[in-house]
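Following: one structure in structure tokens, then a few remarks.
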Amino acid sequence: MKMIESGVARAQSASEGGGPGGREGGRFGGAEWMSDAFEDVSAKSAHCEGVDLPPSSEIVRYMRESAVAGHVKAASYYATGDLFRARDTLSSLPELSLYREQAERLANAAVAQGDARAAWALAEAYASDPDDPRRSLLAQAVNPAPEKALTLLYGLRAANERNAGGAAPSDRFVGRLQQRIATLERDLGPDAAQRARTAPSPIGDGATLDFGTASRAGGGFMRGFDDFPREICD
Numbered sequence: 009m010k011m012i013e014s015g016v017a018r019a020q021s022a023s024e025g026g027g028p029g030g031r032e033g034g035r036f037g038g039a040e041w042m043s044d045a046f047e048d049v050s051a052k053s054a055h056c057e058g059v060d061l062p063p064s065s066e067i068v069r070y071m072r073e074s075a076v077a078g079h080v081k082a083a084s085y086y087a088t089g090d091l092f093r094a095r096d097t098l099s100s101l102p103e104l105s106l107y108r109e110q111a112e113r114l115a116n117a118a119v120a121q122g123d124a125r126a127a128w129a130l131a132e133a134y135a136s137d138p139d140d141p142r143r144s145l146l147a148q149a150v151n152p153a154p155e156k157a158l159t160l161l162y163g164l165r166a167a168n169e170r171n172a173g174g175a176a177p178s179d180r181f182v183g184r185l186q187q188r189i190a191t192l193e194r195d196l197g198p199d200a201a202q203r204a205r206t207a208p209s210p211i212g213d214g215a216t217l218d219f220g221t222a223s224r225a226g227g228g229f230m231r232g233f234d235d236f237p238r239e240i241c242d
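Numbering (my numbering), first residue to last: 9 to 242.
Structure follows, in structure tokens:
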């Protein structure tokens, strides 16, 4: 709480002095914006105050069960594999075995509902080099399929173009998407790229594309569970 109060004070000081966070064209929109942001963080921290964090394997199990029950964001986060933590590998072995069996199916279920994080992570998994020591957990749970990856990326691009009323992707994400498409088109060649372009998109035609987590959609390796939105757990 002291850190939050200190942050508000710094924001107010910067505003009065016209500094980087101030009202005169600063990055964060001024002290009022910063104060609201810190109050929001404070409220969310108080929401879980005094609650012990369950073991990581229990969190993974909860997320898996929510995903199987049809919670789209839970399926998206579970499928990326980011929930697993390297330091808990041995205690997570039973869940890792289940992950290997279910990750691709749950990722596709989230993709069909228009989840951009799941679509990006699955495309990256399909396109990954099997010999890459840094490949994601999801990449280890699927068979390499670069044409499927390109079809997914084409689907993401098309869904973004027809997206109306949904959250817009960041410019950075759109740039990464275009770059990845160009790379796969070059690597696969024109014939394979044409097959990927004409294949049915796994993203449902009626799905409203959710870019809420697209800027973080990396499909990393066993990062833990520090970054998933609080609303998933409510």
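Even for Gly, the Cβ is constructed at its ideal location relative to N, Cα and C.
Among residues of its own chain, excluding the 5 on either side of residue 212, which ones have a beta-carbon nearer than 8 Å to its beta-carbon? Numbered from its first residue, the sequence shown carries residue 212 at position 204. Contacts found: 120, 121, 122.
For residue 199, does the three-state DSSP call read helix, strand or coil? Residue 199 sits at position 191 when you count from the first residue of the sequence shown. Residue 199 falls in the helix class under three-state DSSP.
Under the three-state reduction of DSSP, which class applies to residue 96: helix, strand or coil? For the purposes of this step, residue 96 is taken as the residue at position 88 of the sequence shown. Here residue 96 sits in helix by DSSP.
So, for residue 162: in the same chain, excluding its five sequence neighbours on each side, which residues have a beta-carbon less than 6 Å away from its beta-carbon? Translated into the one-based positions of the sequence shown, residue 162 becomes position 154. Contacts found: 205.
Could you round the C-beta distance between residue 100 and residue 64 to whole angstroms and report it? I think they count as a contact, below 8 Å. In the sequence shown, residue 100 corresponds to position 92, counting from 1. In the sequence shown, residue 64 corresponds to position 56, counting from 1. That belief holds up - the Cβ atoms of residue 100 and residue 64 are roughly 7 Å apart, short of 8 Å.
Ends of the alpha helix (DSSP H) at residue 67? To locate residue 67, count along the sequence shown from 1; it is residue 59. That run of the alpha helix (DSSP H) goes 64 to 76.
Option nearest residue 73 by Cα separation, candidates 98, 111, 61: Residue mapping note: residue 73 aligns to position 65 of the sequence shown, counting from 1. Cα-wise, what sits closest to residue 73 is 111.
Starting from residue 119, trace the alpha helix (DSSP H) in both directions and tell me its first and last residue. Counting from one through the sequence shown, the residue named residue 119 turns up at place 111. Looking at the DSSP string, the run of the alpha helix (DSSP H) that includes residue 119 is 101 to 120.
Inspect the beta-carbon positions of residue 158 and residue 193 and report whether they are closer than 9 Å. Numbered from its first residue, the sequence shown carries residue 158 at position 150. Numbered from its first residue, the sequence shown carries residue 193 at position 185. In contact: residue 158 and residue 193 (Cβ atoms closer than 9 Å).
8 Å contact criterion, which residue 130 and residue 115 should meet: CB distance rounded: Position 122 of the sequence shown, counted from the start, is the residue given in the question as residue 130. Position 107 of the sequence shown, counted from the start, is the residue given in the question as residue 115. Contact between residue 130 and residue 115 holds, since their C-beta atoms are separated by about 5 Å, short of 8 Å.
Can you tell me whether residue 210 is buried or exposed, with buried defined as 16 or more other CB within 10 angstroms of its CB? Stepping through the sequence shown from its first residue, residue 210 is reached at position 202. With 16 or more other Cβ atoms within 10 Å, it is buried.
Neighbourhood of residue 170 by C-beta, 7 Å cutoff - its chain only, sequence neighbours within 5 removed: Walking along the sequence shown from the start, residue 170 turns up at place 162. So the list is empty, once near-sequence residues are dropped.
Using the Cα positions of residue 79 and residue 184, report the straight-line distance between them to the nearest angstrom. Here residue 79 corresponds to residue number 71 of the sequence shown, with the count starting at 1. Here residue 184 corresponds to residue number 176 of the sequence shown, with the count starting at 1. Their Cα atoms are separated by approximately 27 Å.
Nearest neighbour of residue 126, chosen from 140, 109, 147 [CA to CA]: As a working note, residue 126 is residue 118 in the sequence shown. Of 140, 109, 147, the residue nearest in Cα terms is 147.
Taking only three categories from DSSP, how would you classify residue 151? The residue you call residue 151 lines up with position 143 of the sequence shown. The answer is coil: DSSP assigns residue 151 none of H, G, I, E or B.
With C-beta atoms as the reference, is residue 144 less than 9 Å away from residue 97? The count along the sequence shown starts at 1 and reaches residue 144 at position 136. The count along the sequence shown starts at 1 and reaches residue 97 at position 89. For residue 144 and residue 97, no; Cβs fall outside 9 Å.
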